[in-house]
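Just so you know, we're using the working numbering here: the sequence shown kicks off at 1 and counts up by one.
Think of the CB as a built atom: it goes at the ideal place given N, C-alpha and C, for glycine as much as any other residue.
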Amino acid sequence: VGTVRDERGGAVSGAKVTLFNVGTSLSATTTTTEDGNYVFPTVRIGTYKVTVEMQGFSQGVADNVVVTVNARQRVDVTLRVGQVT
């Protein structure tokens, strides 16, 4: 779970969030809500990379996100205004 915000703290709705499992190379994608929130309801243990993309913003990345048994990992991402890369 997490929230995507811009540099001023405003929620970014409609952003594409990708969860990539480093160990298995499997990925899942979702979109942020009007409040900038996202959730991946079923995530297996492992190490993940979270990327967030939205037109008009630079890509946001969170590396080495470790998910353990019965953990609800929170990953908030702040996007900077710029070109999509």
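On the premise that Gly60 lies in contact with Thr115, defined as a C-beta separation below 8 Å, what is that separation, rounded to the nearest angstrom? It is not possible to answer for residue 115, since the shown part of the chain is limited to 1 through 85.
Could you spell out the range, first to last residue, of the beta strand (DSSP E) harbouring Ala62? First-last of the beta strand (DSSP E) with Ala62: Gly60 to Val67.
Look up Asn5 in the DSSP assignment and give the residues it is bridged to. Asn is not the amino acid found at residue 5; the sequence shown has Arg there. DSSP, once it has assigned bridges, lists Ala11 and Thr78 as partnering Arg5.
State the DSSP-derived secondary structure class of Thr32, mapped to helix, strand or coil. Three-state result, Thr32: coil.
How big is the Cα-Cα spacing for Asp6 and Ser25? 28 Å
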